[in-house]
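**Student:**
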Ligand code: NDP
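Numbering (the UniProt record's numbering), first residue to last: 1 to 456.
What follows is the structure in structure tokens.
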């Protein structure tokens, strides 16, 4: 190990434990164990692998309160949300537990023999996750990867390693082979890069910033290693004049302040058709003021602190020299608190319209007509999520096809369901997670031709 780092409770700003940091040599040993575990895993019958994954889901279910409590303390997530996250990990494992028996190849008609395809596991997969949703994003990587017959080495973010470490222990408790799912906490520069560069890591799934994703992709390219990248966002919440304004305004705070805005899917730009701008803002104000920010241990609280002092300071820098149009409330220190803010940008090149804040700050812009609304929604290098509010079904269909984002919702804030594909366009990433095809992304398709001696 190369030292340790302090794990901080962001609601009080105090360290409560320490975690050892993995060195490059430690990562190398973890990958070696994963290679051996994967061979044992792949040798099991598909039904046995499915049963073990279901047992893993049951163990996560039994430990749901414990996992939620860890996330509340380490990440500052409100307890209701943290419970949902633990349940989501269980559901994701259950959903993908069907895959070992359903990775069905093809038999392709050819002359002179029989042609068959196989979906073979890649081997060891490196999953690098950020601090904003430590356990759910980890599960999106490891559950389909394990289901497809791989082993996983998981690198959590330095600030939030606890649930990843616990999930790896629970995998062992559930009876998965020792070494099949390991967590290697450490820095991105050391443990993260060692994982990406390791020759026995066959694929990397990375979630985090676009800059780091680009670095990961460059390192992986040296070994022609496939990557899935789930990166940043600057998503639009498009409100048309014909929308149900009460519903759109009531949903808008949740669409950006959920998880204190530390969400790649945050709708951090609200675009409102000019003729209803005032009517929309009138409805938004009470919803922003009612957004409950406070002790994440209390049920009913909607937003806890930001993850760290450094991140809070970065978010605060977006408000330097501005007076927000609306401001919610937040407790006074000593935690990393930040009151939600609604801001009118100063100019079209305002950084609030182009940079990912990753905090509870939303910019409101007006537009005239459908074409300008779509153009503004697309005026970003990102393309992850977004919402469209309209009562006109045709418009909902047209606009959802015209906005360049991977996960859109009409008259809803929903971005992620484990049964449907999720991922970004443009600089928001490459590849898709979740949904029925996810296990296939952790396999190589092999084609074998068996000559039968028949005439070709
Ligand atoms: P990063 O992209 O730096 O970190 C994400 C993960 O990658 C962490 O586990 C990190 O490790 C690791 N990592 C960092 N550098 C490397 C590297 N060179 N090679 C391999 N792995 C690496 O995000 P930050 O935590 O710094 O957040 C910065 C900004 O990124 C946020 O403010 C937000 O804008 C965006 N972001 C987007 C997320 C999303 O879900 N799309 C999630 C998180 C951030 P470690 O943290 O231990 O150094």
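Where is the CB? At the ideal position from N, CA and C, for every residue including glycine.
From a predicted model like this one, the values you see are computed outputs, not experimental measurements.
Should residue 296 be listed as close to ligand 1, given that the test is whether its C-beta is under 8 Å from any heavy atom?
**Tutor:** No, the beta carbon of residue 296 sits no closer than 8 Å to any heavy atom of ligand 1.
**Student:** If we call anything under 9 Å between Cβ atoms a contact, is residue 400 one with residue 385?
**Tutor:** Result no, Cβ atoms of residue 400 and residue 385 do not sit closer than 9 Å.
**Student:** What first and last residue would you give for the beta strand (DSSP E) that runs through residue 237?
**Tutor:** That run of the beta strand (DSSP E) goes 236-239.
**Student:** Do residue 318 and residue 361 count as a contact pair if the criterion is CB distance below 9 Å?
**Tutor:** In this structure, residue 318 lies closer than 9 Å to residue 361 by Cβ.
**Student:** Pick helix, strand or coil for residue 326, following the three-state DSSP scheme.
**Tutor:** Strand, per DSSP.
**Student:** Can you give the Cα-Cα distance for residue 411 and residue 366, rounded to whole angstroms?
**Tutor:** Near 19 Å, if we compare the C-alpha coordinates of residue 366 and residue 411.
**Student:** Any heavy atom of ligand 1 closer than 8 Å to the Cβ of residue 434?
**Tutor:** No, the Cβ of residue 434 stays beyond 8 Å of every heavy atom of ligand 1.
**Student:** Below 6 Å CB to CB, which residues in the same chain sit around residue 456 once its five sequence neighbours on both sides are set aside?
**Tutor:** Same-chain partners within the cutoff: 111, 112.
**Student:** Report buried or exposed for residue 413, applying the criterion of at least 16 other Cβ atoms within 10 angstroms of its Cβ.
**Tutor:** The residue is buried, with at least 16 neighbouring Cβ atoms inside 10 Å.
**Student:** Does the stretch 103-122 come into contact with the stretch 175-190, if we say contact requires no fewer than three beta-carbon pairs (one atom in each stretch) closer than 8 Å?
**Tutor:** Because the criterion of three Cβ pairs below 8 Å is not met, the stretch 103-122 and the stretch 175-190 do not touch.
**Student:** Run through the DSSP bridge pairs and tell me what residue 430 is partnered with.
**Tutor:** According to DSSP, which records beta bridges pairwise, residue 430 is partnered with 229.
**Student:** Counting only the same chain and skipping the five closest in sequence on each side, list residues whose C-beta sits under 7 Å from that of residue 140.
**Tutor:** Closer than 7 Å at the Cβ level, and outside the excluded window around residue 140, lie 92, 433, 434.
**Student:** Can you give the beta carbon distance from residue 143 to residue 156, rounded, assuming they're within the 8 Å contact cut?
**Tutor:** Not confirmed; about 16 Å, so no contact.
**Student:** Which one of 130, 23, 64, 382 has the shortest CA to CA distance from residue 235?
**Tutor:** Closest by alpha carbon: 382.
**Student:** Which residues in the same chain as residue 248 place their Cβ atom closer than 6 Å to its Cβ, once the five residues preceding and following it in sequence are excluded?
**Tutor:** Closer than 6 Å at the Cβ level, and outside the excluded window around residue 248, lie 239, 389.
**Student:** Going by DSSP, what residues sit across from residue 386 in a beta bridge?
**Tutor:** Residue 386 is bridged to 236, 408.
**Student:** Report back the beta-carbon spacing between residue 35 and residue 124 to the nearest angstrom; my notes put them in contact at under 8 Å.
**Tutor:** Residue 35 to residue 124, Cβ: 6 Å. Contact.
**Student:** Cα-Cα, which of 430, 449, 423, 166 is closest to residue 214?
**Tutor:** For the residues 430, 449, 423, 166, the minimum Cα distance to residue 214 belongs to 430.
**Student:** Quick one: is the Cβ of residue 131 within less than 8 Å of any heavy atom of ligand 1?
**Tutor:** Indeed, a heavy atom of ligand 1 lies less than 8 Å from the Cβ.
**Student:** Thinking residue 150 and residue 122 are a contact (beta carbons under 8 Å), I'd like their distance in whole angstroms, please.
**Tutor:** Confirmed, Cβ separation roughly 6 Å.
**Student:** Quick check on residue 457: buried or exposed, where buried means 16 or more other Cβ atoms within 10 Å of its Cβ?
**Tutor:** This structure cannot settle anything about residue 457, because the visible part of the chain is limited to 1 through 456.
**Student:** Whether or not the stretch 327-339 and the stretch 266-285 are in contact is what I'm after, with contact meaning three or more pairs of Cβ atoms, one per stretch, closer than 8 Å; do they touch?
**Tutor:** No, they do not touch.
**Student:** So which of 231, 199, 201, 200 has the shortest CA-CA distance to residue 209?
**Tutor:** Answer by Cα proximity: 231.
**Student:** Is residue 193 a contact residue of ligand 1, with contact defined as CB to any heavy atom under 8 Å?
**Tutor:** Residue 193 Cβ: within cutoff of ligand 1.
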